[in-house]
Amino acid sequence: MKITPSVFIKEGKSAVPFSRGILTRSIVRSGIDELKAYELAMDIKSELVENKKNSIEAEDLFNKVCEKLRKIKPKFEKRYKLWRDVRNREEPILILLGGVSGTGTTTVGADLGHSLSIRRVIGTDTIREIMRKIITPDLLPSIHASSYEAWKSLKIPVAPEYDKTILGFRSQVESISVGVEALIDRSLYESISGIIEGTHLVPGFIDEKYMNMPNIFFFVLNIEDEKEHQARFHARAYETRRASTKYLRNFNNIRKIQEDVINKANLYRVKVIENSDLERTTKMITEIVLDKMAGMVKKK
657 MKITPSVFIK EGKSAVPFSR GILTRSIVRS GIDELKAYEL AMDIKSELVE
707 NKKNSIEAED LFNKVCEKLR KIKPKFEKRY KLWRDVRNRE EPILILLGGV
757 SGTGTTTVGA DLGHSLSIRR VIGTDTIREI MRKIITPDLL PSIHASSYEA
807 WKSLKIPVAP EYDKTILGFR SQVESISVGV EALIDRSLYE SISGIIEGTH
857 LVPGFIDEKY MNMPNIFFFV LNIEDEKEHQ ARFHARAYET RRASTKYLRN
907 FNNIRKIQED VINKANLYRV KVIENSDLER TTKMITEIVL DKMAGMVKKK
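In the numbering used here, the protein residues as written are 657 to 956.
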C-alpha cells in the first residue's frame, strides 16, 4: 500500500499536520459546496506531495486557496478573504437560535458551530438544568417542568381569556432568560464567540441592549407542517433513544407555543427560518452572519 508523505502547515515556530477535512471546512465558508471544497483540498494536498514539499506556510496555503477559488468564481475568493477578516476581529460573534422542541435548534446549532468554527454551543436546557440545581421548586417552580408543561406550576388562577400553556411557558422563559443574558455577558467579556440554542430563546425576553449589538444575531426556527413536525420526534427517538411519547402527548401544546414564539418574532422583527432542510438553513444563517460582519469590517 502506498503511503502518502506527511505535509505540515507552518505558522511562526509551530507546525500542524495538513488536514483535508479542516481545509475543506475552511473552504466551505467561501460559499462553495462541500464536495467541490473537498476536491480543492485534495488538489492542494496532491500538488504539495507531487512537488515534494513536506511543509507550507499558512499564509501561502491561504493564498493558494484564494487563487483556486478565484478561478472558479471571484465571489468565492472574496468571501473566503472576508471570513479571515471576520475571524481576526476582537469582537465575538454570538448567535441566538430559538425554536420549540422538534424544530432542530440543537442540530442546526451544532452544524453552525462546525460551519463557523464556533466551539461554544450551549443549549438553554443546560442553562435550565444548572438553575434547577441552585433554585428549589418552592422558589421557582416553573423551571422544574418541561416548557410545554410549565403551566402546571402556575400558582394563580388563569382567567378564561388567557391560555395557561402560553402563560406557563412565558413564565419559564422569563426565568431562563436571566441565565441566557448572564452567558451573553460572559461571552462578551471574554470575547469568545458562541451559539446559544433552545426553546427558551424568545424575542421580547432578551434585553434590547443585546438585540441592538451588531455582533449578536437572533433567529427563530419553524416547522410549519404539523406532520413533518411530528415525524421529527419519531426520528429523534430512533436516533437518540429519547422516547417520543411525552412530546407527542403534548404536541398540541408545543404547536401552540410555536405559534406564540413566531408571533413574537414577527413583532420584534427577528428572522424566522423554515427549517425543512438542514444544509439550506445553515447556509442561510452563515451568509447572513458573514454579510453583516462584512459591513462591520469595511467600516473599520
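We put the beta carbon where it would ideally sit given N, CA and C, even for glycine. Here the structure is a predicted model, which means the values were calculated and not measured.
Under the three-state DSSP convention, the category residue i falls into
i	result
A671	strand
N744	coil
M952	helix
V917	helix
S932	coil
I700	helix
K727	helix
M657	For M657, the pLDDT reaches just 45, beneath the cut-off of 50, and the residue's location in the model is therefore unreliable, leaving the point undetermined.
S682	helix
K927	strand
G677	helix
K666	strand
I688	coil
I910	helix
I751	strand
Of the listed residues the options, nearest to residue i (C-alpha basis)
i	options	result
I872	K948, N906 and S833	K948
T762	G951, R892 and K939	R892
V721	M952, I790, T680 and T821	T680
D819	K692, I910 and I678	I910
W807	T792, M787, I791 and V829	V829
A950	E695, W739 and G677	W739
S675	S702, K669, K708 and G668	S702
E747	T937, A921, G835 and P870	P870
Residue i classed as buried or exposed, judged by whether at least 16 other C-beta atoms fall within 10 angstroms
i	result
H890	exposed
S711	exposed
T901	exposed
L691	exposed
S662	exposed
E667	exposed
CB contact below 8 Å: residue i versus chain B
i	result
V721	Reference to chain B is not applicable here, since this structure consists of a single protein chain.
Query raised in the report: Are the segment 744-754 and the segment 866-884 touching, with three or more C-beta to C-beta distances below 8 Å?
Result: Per the Cβ contact rule, the segment 744-754 is in contact with the segment 866-884 (3 or more Cβ pairs under 8 Å).
Query raised in the report: When the Cβ atoms of the segment 832-839 are set against those of the segment 711-725, are three or more pairs found closer than 8 Å?
Result: Not touching, per the Cβ criterion.
Query raised in the report: Whole beta strand (DSSP E) runs in the segment 807-893 with 3 or more residues, listed along the chain?
Result: 850-854 and 872-878
Query raised in the report: Taking only runs of the alpha helix (DSSP H) that begin and end inside the segment 763-814, which ones reach a length of at least 4 residues, in chain order?
Result: 780-790
Query raised in the report: How about the segment 775-783 and the segment 906-915: do they share at least three Cβ pairs that are nearer than 8 Å?
Result: no
Report task. Flag this pair as touching only if the segment 844-852 and the segment 818-832 have three or more C-beta atom pairs under 8 Å; answer yes or no. Result -> The way I'd put it, the segment 844-852 doesn't touch the segment 818-832; fewer than three beta-carbon pairs between them come closer than 8 Å.
Report task. Assess, as a yes-or-no matter, whether the segment 855-863 is touched by the segment 721-740 under the definition of 3 or more beta carbon pairs within less than 8 Å. Result -> The answer is no - the segment 855-863 does not touch the segment 721-740, with fewer than three Cβ pairs under 8 Å.
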